[in-house]
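Numbering (the working numbering), first residue to last: 1 to 73.
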Amino acid sequence: MHQNSSLPEIHPCGSCGAKPESLETIRPEGRLHDLYRVVCVCGQAAPKWSLTDFAAVRLWNWTMAGGAEKEMP
Ligand SMILES: [Zn+2]
């Protein structure tokens, strides 16, 4: 599995403890760029799609740190 060294370290999953190493990407209709999201093998996923892989990892880490229990920014 390819891991981009420029990305921040991905936090282990809060549900199963595994460390996701891949990002899911989609290209919604009408969009010029892919969107990124970290998804764990157990199905736990970041709550939103991000514009960059970097942002996707940040959002996942924030979520695993308990951010999802607070208001979304
Ligand atoms: Zn998991």
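Think of the CB as a built atom: it goes at the ideal place given N, C-alpha and C, for glycine as much as any other residue.
- Residue 45 and residue 32 have their C-alpha atoms roughly 23 Å apart.
- The beta carbon of residue 34 is closer than 8 Å to those of 25, 26 and 27 in its chain, skipping five residues each way along the sequence.
- When only Cα atoms are considered, residue 53 and residue 37 end up about 7 Å apart.
- Within the same chain, Cβ atoms closer than 7 Å to the Cβ of residue 57 are found at 7, 8, 10 and 38, the five residues on either side in sequence being excluded.
- Residue environment analysis places residue 16 among the exposed positions, since fewer than 16 neighbouring C-beta atoms fall within 10 angstroms of its C-beta.
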